[in-house]
Amino acid sequence: MPGRTTAIGSRHTYHQNQSTMKIPFVNRITGNPFPSGAWVGAMLLMLLVVSCARMGNPDGGWFDETPPKVVSASPEDKGTNVRTKRIFINFDEFVTISNPTQNVVISPPQIEAPEIKGQGKRISVELVDSLKPNTTYTIDFSNAISDNNEGNPLGNYTYSFSTGDHIDTLEVSGYVLQADNLEPVKGILVGAYDDLSDTVFKKRPMMRVSRTDSRGRFVIKGIAPGRYRVFALMDADGDYVFGQKSEMLAFNHDIIEPSSRPDVRQDTTWIDSLRIKSIDRVPYTHFLPDDICLRAFNEILTDRYLTKSERGEANRFTLFYSYGDSILPQIRGLNFNADSAFIINSSLKRDTITYWLRDTALVNQDTLQMVVSHHITDSLGVLRLQSDTLKVISKQSYAKRQKEQQKKWEAWHKNEEKKRKKGEPYDSVMPREALKLGITPSGEMDPDQNVTIASPEPLSTVDTAHIHLYSKPSGDSLWYREPFEMHRKDAATYILKAAWRPETEYSFEADSASFTSIYGLVCPPVKVGLKVRPNDAYGTLLVSLGGMDGKRVIAQLLDKSDNVVKQVYSSSGQLEFYYLQAGTYYLRMIVDDNGNGLWDTGSYDEDRQPEQVFYYPEGIECKAKWDVSRTWAPASTPLYKQKPSEITKQKGEKEKQVQHRNADRAKKLGIEYISKINGQ
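Letter 188 of the sequence shown, counting from 1, is numbered 221 in my numbering, and no numbers are missing.
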C-alpha cells in the first residue's frame with residue numbers, strides 16, 4: 034500500500050513501499066548492458082548534461098518560503114550610547130535590498146541621503162547627517178529586504194539605536210487614504226510633531242517619520258512619551274516640510290498620546306488556503322493608537338498661467354491654462370481679423386478654451402499670429418491682466434489637406450468613370466461631404482435617459498420644424514407624434530428630452546439639412562429607433578441614512594470599475610435609486626458641505642478639510658422586479674475598512690507568494706501542505 038506524501042515548508046518527504054529491482058544500464062543502440070566502468074562514465078555524463086540544462090528549482094519541487102533572518106548587527110540592534118554613523122546588519126543568507134531610496138525610512142529624517150547597500154549576506158547603512166545627542170534613531174526597512182533566491186521579504190523589519198542612554202520604543206500606526214475615493218495611498222510620508230502649533234508643518238521638518246505600504250498603512254516607531262500631531266506628505270523636494278502646493282498632504286487637529294499595554298493575539302497556521310491547522314494565542318505588546326486615519330488631498334493650484342497652445346486640426350485651436358478664470362481671454366489678430374472670427378467652447382472649469390474658426394479662409398491659413406490678453410498670476414501670486422504674443426501653426430497644412438482632397442477626388446472620379454463605362458448611373462460632380470451626427474443611445478434605453486445628438490463641428494442652425502419624434506405604445510400598431518424639447522449643451526451638442534414611457538417604441542427622425550454646421554455641411558435624413566425597457570426589467574434601491582442629521586449629500590452608485598452609474602442628491606436622509614438593471618453595485622456618498630453639487634478638496638492655509646466621502650462597505654446586488662432596502666450609518670465603520678476590495682484599485686502586495694505557490698502545488702499533488710509561516 035502506498036505511503037503518505039507530506040511537505041512541510043520547503044522540505045518534503047516521500048514514503049512509498051516499493052520492491053527493490055536491479056536494472057542494468059543498457060546501451061540504447063546495441064541493446065547490451067554497459068560494462069561497469071562505462072556505466073559510471075555514462076551516468077556522470079548524464080548528470081553533467083542535466084545539471085547544465087536545469088538550473089534552479091526542478092519542475093515539481095518546492096519553493097523556499099523562509100525569509101532571511103538577522104543574525105547580528107554592528108552596533109547591536111537597540112544599542113545605546115552609539116557614536117558611529119556606519120551600521121552593518123548581518124543575515125543567515127544572501128539578501129537583496131529593493132530601491133532603498135524610496136523604501137527605507139530613517140527617523141529622525143535625514144536631509145543628506147544615507148548610503149544603503151546590499152553586500153552579500155549583509156546590508157550596510159552609512160549616515161551622512163550629524164548624529165543628534167540623546168536621540169533614538171530608527172531605520173525602517175519595511176519589506177525592502179528579501180532573500181536572493183525566492184525573493185521572500187523580511188516583513189516590516191526595523192533597526193534602532195540611541196545616541197543616549199535609553200531607547201524610545203513607543204509606536205503609533207494607522208492609514209492614509211485618498212480623500213475623494215478612499216483609495217489607500219502608497220509611499221506617502223507620515224510624520225509626527227511634538228510641536229502642536231498650526232504652522233509647524235510649513236516651518237520644521239518632521240520629527241519621526243514613516244512611509245505607507247501598499248495598503249496605505251504606516252507605523253511610526255521610536256517615539257518617546259508625549260503629545261503629538263500627525264501629518265502626511267508626498268514630499269516632492271525631500272525637505273520633510275509642506276512647501277509646494279502641488280504636494281499631496283493630510284492633516285487634522287487630533288492630539289495623540291502614544292501608549293502600550295500587554296495583549297494577546299491569535300496566530301493562525303494553515304494547512305492550505307481552506308483548512309486551518311491550529312490557532313495559537315500569542316502574547317505581544319500592543320501599541321496605541323493603531324487606528325489613526327488621515328485623508329490625503331491635493332490643494333487647488335490657483336496660480337494661473339498658459340501651459341500650451343495647440344492647433345491639432347486646421348479649423349480650431351485650443352489654449353490650455355493651469356487654472357480657470359471667470360473672464361475669457363481677449364484675442365487681437367496680427368495677420369487676420371479676429372472680430373467675430375470664432376465660436377468659443379470652454380471646459381466647465383474654464384481652464385481649456387477651444388476657438389473654432391468660422392471663416393474657411395482662416396482655416397486655410399496655416400499660421401495665425403495674435404495678441405492674447407488674459408489674467409496671469411504674477412510673482413507675488415496676484416492675478417493681473419497680461420498680454421502675450423502667440424503664433425499657432427496648424428499641424429495639418431493647407432497643402433497637405435489639398436493633396437489628401439485630391440486623392441479622394443481621384444478615387445471618386447475613377448469609381449464614377451467605371452460606372453459610366455458600364456452604362457450604370459453615375460455622378461458628374463463629386464457630392465459634398467455630409468455632416469455625420471452621433472446619436473446615443475440607439476436601440477434600448479432607460480426611462481430616465483435622454484438622447485444626445487453630437488456633431489463633429491459646431492452647428493450654425495438646428496431646424497426643429499424638421500425634427501420629429503414618434504411613439505408606438507406596446508401592443509399598438511399606430512405611431513403617434515410625440516412632444517419633445519431640444520436643449521443645447523454646447524456648440525456641437527444637443528440633448529433631446531421627452532417623456533420616455535416604459536415598454537414604448539420611439540422613432541427619432543430628422544429631415545435632410547435639419548442640422549447645418551458652421552462650414553455649411555448638412556446632415557442627410559436621420560432615423561433612429563429607440564425602445565424603452567419595461568418596468569419589470571428594473572430594480573429599485575432605497576437607502577436610509579443614519580447619523581447624517583439632514584446634511585446635503587451626493588450619493589453615487591458605482592460599477593465594478595468605480596465608475597458612476599447613477600447619482601442622486603438628498604438632504605432627507607433617504608437615498609432613492611430607480612431603474613436599476615440587474616447587477617452588483619457599490620455605493621459612495623459625498624457630504625456636500627457647500628451645496629455646489631461637487632466634491633471639494635481642502636486647504637491647509639485655510640484650515641479646511643476636504644469634504645467627507647464614505648463607501649458602503651459591501652456590494653449591493655439588485656435584481657429585476659426587486660425593491661432592495663438598506664440601512665446605513667456611514668460613520669459606524671472606520672474609513673480604512675469601508676471601500677470594498679472589489680473596487681479598490683490599490684491592492685495590497687502579495688507578500689506571501691511563495692506560500693501560495695507551494696499550497697497550489699500541494700493541492701495538485703493531492704498532498705498535505707503546512708506552511709512554516711503563519712497567516713498564509
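Even glycine gets a Cβ: it sits at the ideal position worked out from N, Cα and C.
Option nearest residue i by Cα separation, candidates the options
i    : options                : result
S603 : T168, A588, T549, E490 : A588
K278 : D336, F124, N448, S163 : D336
Y571 : Y552, G579, V561, Y611 : Y611
Y170 : Y208, Y226, R241, P217 : R241
K433 : F264, Q398, S406, L620 : Q398
L631 : D213, R119, V233       : D213
V661 : F234, T537, L574, A668 : L574
C556 : A531, R248, N123, G471 : G471
S359 : N348, F369, D372, S380 : S380
M622 : Y226, Q299, Q152, L215 : L215
L352 : V484, D421, A444, A177 : D421
E542 : V297, Y503, V252, P650 : Y503
N368 : L423, G580, T537       : L423
N167 : Y190, N176, D201, P516 : D201
D198 : G188, F251, T113, Y273 : T113
I149 : F121, R585, N176, S493 : F121
Y190 : E183, N181, L554, I156 : I156
G652 : L334, Y618, N629, A666 : Y618
R349 : Y552, K674, G276       : Y552
D626 : D592, P535, R585, G276 : R585
N176 : G220, Y513, A371, Q419 : G220
K682 : R465, P362, T549, G249 : G249
Own chain residues within Cβ distance below 6 angstroms of residue i, not counting five before or after
i    : result
L321 : S292
K382 : G357
K118 : L160
L164 : T196
S373 : none
G606 : L578, M581
K111 : S193, I200
D313 : D300
K341 : F353
V576 : L608, R663, W665
Cβ separation of residue i and residue j, assumed to be a contact under 8 angstroms, to the nearest whole Å
i    : j    : result
L203 : A257 : 7 angstroms
H408 : L416 : 5 angstroms
L413 : V484 : Incorrect: roughly 50 angstroms between the Cβ atoms, too far for contact.
W533 : P480 : 5 angstroms
A525 : L492 : 6 angstroms
L590 : I680 : L590 to I680, Cβ: 12 angstroms. No contact.
I130 : G151 : 4 angstroms
Counted within 10 angstroms of its Cβ, other Cβ atoms place residue i as buried (16 or more) or exposed
i    : result
S243 : buried
K676 : buried
L401 : buried
S507 : exposed
M463 : exposed
I500 : buried
W303 : buried
Q299 : exposed
S545 : exposed
V315 : exposed
V597 : exposed
Q642 : buried
Q211 : buried
G271 : exposed
Cβ shell of residue i (< 7 angstroms), same chain only, five flanking positions each side left out
i    : result
Y527 : I486, V495, M519, H520, R521
V115 : P108, F194, S195, T196
F375 : Y388, W389, L390, R391
V601 : A588, L608, E609, F610
A615 : G572, C655, K656, A657
D162 : Q143, I144, E145
G70  : At G70, the pLDDT of 49 sits below 50, so the modelled position is not reliable; the number obtained from the coordinates is stated separately. Same-chain partners within the cutoff: there are none.
F284 : F234, F264, Y637
F517 : L502, L529, K530, A531
K310 : T302, W303, I304, I707
Close-in-space but distant-in-sequence residues of the same chain around residue i (CB under 8 angstroms, 5 per side omitted)
i    : result
E332 : K278, L282, T634, G635, S636, Y637
D287 : R262, V263, I325
L511 : K505
Are at least three pairs of beta-carbons, each pair with one atom in the segment 469 to 484 and one in the segment 552 to 567, less than 8 angstroms apart?
yes
Decide if the segment 133 to 143 is in contact with the segment 227 to 241; the criterion is three or more beta carbon pairs, one per stretch, under 8 angstroms apart.
yes
Meets three-Cβ-pair contact criterion under 8 angstroms: the segment 538 to 552 and the segment 450 to 461
no
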